[in-house]
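Enquirer: Residues 771 to 1490 (this note's numbering) make up the sequence shown, in order. Using N, Cα and C, we set each Cβ at its ideal position, and we do this for glycine too. Sharing a structure here in structure tokens format.
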Amino acid sequence: MTHSEEEEEEDGAERDQQQQQPLILQRVEKETAQSWQSVVSRRLKKHCVCTSEKAKSKILGFVPILRWLPRYQLREWLLGDAMSGLIVGILLVPQSIAYSLLASQDPIYGLYTSFFTSIIYAIFGTSRHISAGVFGVLCLLVGQVVDRELALAGYLTESGGGIGGNDSAVLLADLGNGTVGMGCDKSCYAIAVGATVTFTAGVYQVLMGIFQVGFVSVYLSDSLLSGFATGASLTIFTSQFKYLLGLKIPRPQGWFVLFKTWYSLLANLANTNVCDLVTSLVCLLILIPVKEINNRFKAKLKAPIPFELFVVIIATLASHFGHFNTDYGSDVAGDIPTGFLPPQLPMWTLIPNVAVDAFSIAIVGFAITVSLSEMFAKKHGYAVDANQEMYALGLCNILPSFFRCFTSSAALTKTLVKESTGCQTQVSGLVSALVLLLVLLVIAPLFYSLQKCVLAVIILVNLRGALRKFLDIPGMWRVNRVDAAIWLTTMATSALINTELGLLVGVLVSALSVLGRTQQARVLELGRAPTREHYEDLSSYRGLRTHPDVAVFRYGAPIYYANQSMFRKSLYKCVGLDPVKGKTQLMKFKKKNHRQQQQEEEEVAGVPNMKSESDGKEEGATVTLMLHKNPRSFRSVVIDCSAVLFLDTAGVNALKEVRKDYAELGIKVVLAQCNTSVLDSLERGGCDGGGEDGILFFTIADAVAHVQSRSAPNGDYDGK
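What follows is the structure, given as structure tokens:
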């Protein structure tokens, strides 16, 4: 053998020896725990010390328009912003009037809401494409609160007539908050309730922004929000049928509103206003096909054709010259004043009554706004600030509430229109506000004769997208059954039981589904790839090999108080050996052997070392008894913890119990590929170990090599 060959052989032997040694890494020392006084002092210095740069950054962060407006590219962006703002402003006119019906408000207040919200969000919002204004689901939630408070205040209406128009109302009792309604009719009180709900929801949103809780949006999944919106859309769909039929029936309160509404509709079907029914059918036959045409050719059209506005104008003219209100008793929008009313404070004493409702409204509005803003920001390559969105939306509710507006948020349909028509910044929102200002100052009174059934048709047509989600159920079920179940549960609860309860149930079901997935995790036995040190599930891949005396297992979930028992059961089942039952059998076997040993000692008295030999046989026979149901026998178990994200105290104790129970049967349990969080938990729980007698290894190969090098045949336990 040459000298070079000897060197290569020595190098190879050295590498083999290095590979057999377990990998050892030195952890970075963490900072020692600091006293609470030093922590508070450091944080106060960080947040309370004011510098010019810090003040400038805070101001620009709170008022984003000051950051992007000076860099506005006039030639490149103005045309797109002007076009999108004009189109959205035109679409907002009929929709703002229509959605006022859902909020139980006069039509003028829907226009006020869209106008103020467009301006405020343009100043404080961080999304370039969001169209903030009236949104059907929030209008429904506000309307339910308004109708409930009207009923509690003791208002009676003529056959349950709606808000607005020439419909008069009489206050029979105290307003329910200690203030007698002298000179305040039903419409006046409804406005006060809606503004108070809006103010309270806005305060919630600003407080959430102050306490930096924008992260709550991540707990509202897409399936939850979609199911909630679809369930609320069913309720909205049902609530508009009374306007289509021209029926004056009160909006039901409490739970099971959908069933109550349909019962009232069927009971009063004989009172259908034929004029309203015919008008509704004609408008539906016009709007549904043209909306489909708009959607089909939206890629070719520079801007969607505002068919809704055309239908509103034609229907208003027909109602005015045909005297539908006076001759046929058709319900119309009524007097819509021009200009703005002076600001008015919310009804403070009403806040305790609506505080809970306002909180759910605030959460829904924020979740919808943030989800839409993040979706379009990701699509166009810029970032949005969830906490700043909370501030913006809160101000969009607080400030307009003084002008009798109702709750607002981002609206998907109008946001899609803005994006498709070339929107670049929130200047488009300012253009939309100018269109609405023109309507408020000049055009609004011309809609006096507009039938409410036409507004209901506009609402129904805009619900097409939400109702089409039912067609996606089979696809959702195939992709992910858990998400589909969340969607169905949230939708059914929102539609059939109660809208606000649907949101709560959706959150609970989502949380329980995450908990359930950790409960369903199972221990899997791993095998080694033939060509490299890589381990995968034996039941999922072919050609994997197992070690004759070592079994490797993986658990795919955190180990904590809720699933630690399931972890142990699954591990024992996969190993094929329950150490608890094994110890019981071991005790029985020892008692039996003890009696046999006594008999043998009486027969062969005086034979040296007989007891020790009998003990060796007893140990070997015991292991054979314990493992007789397992096709493979082994001396060591390696648990791959790469998928274990964290351990709590119960999880650490579960691992310690597993090691202790198996150790009593002569089986060593070691852990591999633990992340730093798991390592810290094990160290704090007194389960840390390293070196030759350690139980923690960085790789499965290290763990297997370690236990193989420390194992030796013992008695009858030979691994066969």
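#1: Decide if Ile980 is buried, meaning its Cβ has at least 16 other Cβ atoms within 10 Å, or exposed.
#2: Anyone know if the C-beta pair for Thr966 and Leu1120 falls short of 8 Å?
#3: Any idea if Gly913 is buried or exposed, counting beta-carbon neighbours within 10 angstroms, 16 or more meaning buried?
#4: Which of the three DSSP states, helix, strand or coil, is assigned to Val1408?
#5: Here's the rule I'm using: 16 or more other beta-carbon atoms within 10 Å means buried, otherwise exposed. How should Ile1470 be labelled?
#6: DSSP has Leu1507 in a bridge; who is on the other side?
#7: Going by alpha carbons, who is nearest to Lys1188 out of Leu1230, Lys1239, Ser827 and Gly850?
#8: What does Leu1087 pair with, by DSSP beta-bridge criteria?
#9: Can you pull the DSSP bridge partners for Gly903?
#10: Take Val858 and list the residues in its own chain whose beta-carbon comes closer than 6 Å to its own, dropping the five residues that flank it on each side.
#11: Contact check, Val1345 vs Val1422 under 8 Å by CB: the rounded distance?
#12: Which residue comes first and which comes last in the beta strand (DSSP E) that contains Val1439?
#13: I'd like the span of the beta strand (DSSP E) that includes Tyr1525, first residue to last.
#14: Classify Leu1111 as helix, strand or coil using the three-state DSSP reduction.
#15: Using only alpha-carbon positions, find the residue among Val1227, Phe1173, Val1231 and Tyr1152 that is nearest to Glu1062.
#16: The alpha helix (DSSP H) spanning Lys1070 covers which residue range?
#17: Considering only the alpha carbon of each residue, which of Ser1143, Ala1332, Leu1271 and Val1212 lies closest to Val1027?
#18: So, is His899 buried or exposed, given that buried needs 16 or more other C-beta atoms within 10 angstroms?
#19: What alpha helix (DSSP H) runs, 4 residues minimum, are completely inside the region 835-864?
#20: For Gly1099, count the other beta carbons within 10 Å of its own beta carbon; 16 or more makes it buried, fewer makes it exposed. Which is it?
#21: Note down the Cα distance separating Cys958 from Pro1170, rounded to an integer number of angstroms.
#22: What number of angstroms, rounded off, separates the C-alpha of His1476 from the C-alpha of Ile1465?
#23: With a threshold of 6 Å on Cβ separation, who are the neighbours of Ala1103 within its own chain once the five nearest residues in sequence on each side are excluded?
#24: Which partner residues of Phe1467 appear in the DSSP bridge assignment?
#25: Roughly how many angstroms lie between the CA atoms of Ala1241 and Phe1007, to the nearest whole one?
#26: Just curious, the alpha helix (DSSP H) that Glu1434 is in, first and last residue?
#27: Within the same chain, show all residues whose beta-carbon is closer than 6 Å to that of Asp1127, passing over the 5 residues directly before and after it, in chain order.
#28: Which residues bound the alpha helix (DSSP H) around Ser1198?
#29: Just list the residues that DSSP pairs Gln1158 with in beta bridges.
#30: Rounded to whole angstroms, what is the Cα-Cα separation between Ala1236 and Ser1003?
#31: Determine the DSSP secondary structure at Gln1478, reduced to helix, strand or coil.
#32: Take the Cβ of Thr1446 as the centre, count every other Cβ of all protein chains shown within 10 Å, and call the residue buried at 16 or more, exposed below.
#33: Give me whichever residues DSSP pairs with Ile1329 in a beta bridge.
#34: Rank Ala921, Ala962 and Thr1005 by C-alpha distance to the C-alpha of Leu1233 and give the top, closest one.
#35: Leaving out the 5 sequence neighbours to the left and right, which residues in its chain are closer than 6 Å to Ile1019 when beta-carbon positions are compared?
#36: Name the DSSP beta bridge partners of Arg1315, please?
Expert: Working from what's here:
#1: Along the sequence shown, one-based indexing puts residue 980 at 210. With fewer than 16 other Cβ atoms inside 10 Å of its own Cβ, Ile980 counts as exposed.
#2: If you number the sequence shown from 1, residue 966 lands on position 196. If you number the sequence shown from 1, residue 1120 lands on position 350. Remark: C-beta atoms of Thr966 and Leu1120 approach each other more closely than 8 Å.
#3: In the sequence shown, residue 913 corresponds to position 143, counting from 1. Buried, because 16 or more other Cβ atoms sit within 10 Å of the Cβ of Gly913.
#4: Here residue 1408 corresponds to residue number 638 of the sequence shown, with the count starting at 1. Val1408: strand per DSSP, three-state reduction.
#5: Translated into the one-based positions of the sequence shown, residue 1470 becomes position 700. Buried is the call here.
#6: The structure shown does not extend to residue 1507, since the chain is modelled only from 771 through 1490, so no value can be given for it.
#7: As a working note, residue 1188 is residue 418 in the sequence shown. Among Leu1230, Lys1239, Ser827 and Gly850, the Cα nearest to that of Lys1188 belongs to Gly850.
#8: Counting from 1 along the sequence shown, the entry for residue 1087 is found at position 317. None; Leu1087 has no bridge partner.
#9: Residue mapping note: residue 903 aligns to position 133 of the sequence shown, counting from 1. Per DSSP, Ser1179.
#10: Counting from one through the sequence shown, the residue named residue 858 turns up at place 88. Around Val858: Ser901, Lys1184, Val1187, Lys1188 and Ser1202.
#11: The count along the sequence shown starts at 1 and reaches residue 1345 at position 575. The count along the sequence shown starts at 1 and reaches residue 1422 at position 652. About 20 Å; that fails the 8 Å criterion.
#12: For this step, residue 1439 is matched to residue 669 along the sequence shown. First-last of the beta strand (DSSP E) with Val1439: Lys1438 to Ala1442.
#13: Nothing in the structure corresponds to residue 1525, since the chain is present only between 771 and 1490.
#14: If you number the sequence shown from 1, residue 1111 lands on position 341. In the structure shown, Leu1111 adopts coil according to DSSP, grouped into three states.
#15: Translated into the one-based positions of the sequence shown, residue 1062 becomes position 292. Of all alpha-carbon atoms in Val1227, Phe1173, Val1231 and Tyr1152, the one lying nearest the alpha-carbon of Glu1062 is that of Val1231.
#16: Translated into the one-based positions of the sequence shown, residue 1070 becomes position 300. Run containing Lys1070: none; DSSP gives neither H nor E here.
#17: Locating residue 1027 in the sequence shown gives position 257, where the first residue counts as 1. The residue among Ser1143, Ala1332, Leu1271 and Val1212 with its C-alpha nearest the C-alpha of Val1027 is Leu1271.
#18: For the purposes of this step, residue 899 is taken as the residue at position 129 of the sequence shown. It counts as buried.
#19: Restricted to the region 835-864, the alpha helix (DSSP H) segments that are unbroken, complete and at least 4 residues in length are 835-838, listed in chain order.
#20: Sequence index remark: in the sequence shown, residue 1099 carries index 329 (1-based). Exposed, because fewer than 16 other Cβ atoms sit within 10 Å of the Cβ of Gly1099.
#21: As a working mapping, residue 958 is identified with position 188 in the sequence shown. As a working mapping, residue 1170 is identified with position 400 in the sequence shown. In a straight line, the C-alpha of Cys958 is about 17 Å away from that of Pro1170.
#22: Working through the sequence shown from its first residue, we reach residue 1476 at position 706. Working through the sequence shown from its first residue, we reach residue 1465 at position 695. Between the alpha carbons of His1476 and Ile1465 lies a gap of roughly 10 Å.
#23: Working through the sequence shown from its first residue, we reach residue 1103 at position 333. Excluding sequence neighbours, Ala1103 sits near Pro877, Phe1217 and Leu1220.
#24: What you label residue 1467 is simply residue 697 of the sequence shown in a count that begins at 1. Answer is Ala1442, bridged to Phe1467.
#25: If you number the sequence shown from 1, residue 1241 lands on position 471. If you number the sequence shown from 1, residue 1007 lands on position 237. The sequence shown places Leu at residue 1241, not Ala. Cα to Cα, Leu1241 sits roughly 17 Å from Phe1007.
#26: Along the sequence shown, read from residue 1 onward, the residue named residue 1434 stands at position 664. From DSSP, Glu1434 is part of no alpha helix (DSSP H); its letter is neither H nor E.
#27: Start at 1 with the first residue of the sequence shown, and residue 1127 comes out as number 357. Contacts found: Val915.
#28: Along the sequence shown, one-based indexing puts residue 1198 at 428. For Ser1198, the uninterrupted alpha helix (DSSP H) run begins and ends at Val1197 to Leu1208, by DSSP.
#29: As a position in the sequence shown, residue 1158 is number 388, starting the count at 1. Paired residue(s): none; Gln1158 is not in a bridge.
#30: The sequence position of residue 1236 within the sequence shown is 466, counting from 1. The sequence position of residue 1003 within the sequence shown is 233, counting from 1. The alpha-carbon of Ala1236 is positioned some 7 Å away from that of Ser1003.
#31: Within the sequence shown, numbered from 1, the residue matching residue 1478 stands at position 708. Three-state DSSP puts Gln1478 in a helix.
#32: Against the sequence shown, residue 1446 aligns to sequence position 676. A residue is called buried once 16 or more other Cβ atoms fall within 10 Å of its Cβ, and Thr1446, having fewer, is exposed.
#33: Within the sequence shown, residue 1329 is the residue found at index 559, counting from 1. Answer by DSSP bridge pairing, in chain order: Leu1417.
#34: The residue you call residue 1233 lines up with position 463 of the sequence shown. Closest in alpha carbon position to Leu1233, among Ala921, Ala962 and Thr1005, is Thr1005.
#35: Residue 1019 sits at position 249 when you count from the first residue of the sequence shown. So the qualifying residues of the chain are Gly930, Lys1012, Ser1034 and Asn1038.
#36: Your numbering for residue 1315 matches position 545 in the sequence shown. Per DSSP, Arg1298.
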